[in-house]
Amino acid sequence: MKKDLPESIKEVGFDFNWSNPKVWALTLPTEDIPIADLVWHFEYPFIWPLPDGYDEVTPNQVMDDPDTFKDEYQRTLDADISYPIDIMFWKNRWLILDGLHRLMKQYLNHAETVQVRKVPQSFIPQILKDL
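Each residue of the sequence shown is one higher than the one before, counting from 0 in numbering that gives the first Met the number 0.
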């Protein structure tokens, strides 16, 4: 039985399902923003290492205990930070569409800024996941 999306994610996350390949295909400029604008993500269980659904694992837990969360930590270390983080302004703050592991890696590397692509809300119809 698949686990439901955690309530905390329902409160802060998007209310639509998007396609990462559709997001990647967008032609948008990149810019640098302070990493501090995005580290709030680390308090929420946006990382779901279970094949049967969602788990209540936060990026902070992964970064604080790499031995317990070996796969997610390795995925973080392997993240290719040459790609920007895709974000959208949602519920009064920037929310990541794609790039959480890249953000984590840059945080672990003590970056002060990260490169992002800001996806306008008007692009939502273009990035919706096909049913």
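We treat Cβ as the ideally placed atom computed from N, Cα and C, and that holds for glycine.
**Item:** Beta-carbon spacing of residue 104, residue 67 below 7 Å
**Value:** Going by C-beta atoms, residue 104 is not nearer than 7 Å to residue 67.
**Request:** With distances taken Cα to Cα, identify the nearest neighbour of residue 114 among 61, 81 and 39.
**Result:** For the residues 61, 81 and 39, the minimum Cα distance to residue 114 belongs to 81.
**Request:** Return the bridge partner residues of residue 126 from the DSSP annotation.
**Result:** Bridge pairing for residue 126: absent [DSSP].
**Request:** With DSSP as the reference, label residue 30 as helix, strand or coil.
**Result:** In the structure shown, residue 30 adopts extended strand secondary structure according to DSSP, grouped into three states.
**Prompt:** When the Cβ atoms of the region 118-125 are set against those of the region 56-67, are three or more pairs found closer than 8 Å?
**Reply:** Contact annotation: the region 118-125 does not touch the region 56-67, with fewer than three C-beta pairs closer than 8 Å.
**Item:** Top-ranked residue by Cα proximity to residue 87, from 10, 79 and 37
**Value:** When C-alpha distances from residue 87 are compared across 10, 79 and 37, the shortest belongs to 37.
**Item:** Cβ shell of residue 34 (< 8 Å), same chain only, five flanking positions each side left out
**Value:** Cβ contact annotation for residue 34 (same chain, cutoff 8 Å, sequence separation greater than five): 102, 105, 106, 110, 111, 112 and 113, in chain order.
**Message:** For residue 130 and residue 18, what's the separation of their Cα atoms in angstroms?
**Reply:** For residue 130 and residue 18, the distance between alpha carbons rounds to 11 Å.
**Item:** Span of the beta strand (DSSP E), counted from its first residue to its last, around residue 120
**Value:** Where residue 120 is concerned, there is no enclosing beta strand (DSSP E), given that its DSSP letter is neither H nor E.
**Message:** Within a Cβ cutoff of 8 Å, which residues of the same chain sit near residue 95, ignoring the five residues on either side of it in sequence?
**Reply:** Within the same chain, residue 95 has close Cβ partners 37, 40, 45, 84, 85, 86 and 102.
**Message:** If you measure between the beta carbons of residue 116 and residue 27, is that distance less than 7 Å?
**Reply:** Yes, the Cβ-Cβ distance between residue 116 and residue 27 is below 7 Å.
**Request:** Using alpha carbons as the reference points, say which of 100, 99 and 89 lies closest to residue 11.
**Result:** Nearest of 100, 99 and 89 to residue 11, Cα basis: 89.
**Alpha-carbon spacing of residue 120 relative to residue 29, whole angstroms** = When rounded, the distance between both Cα atoms is 16 Å.
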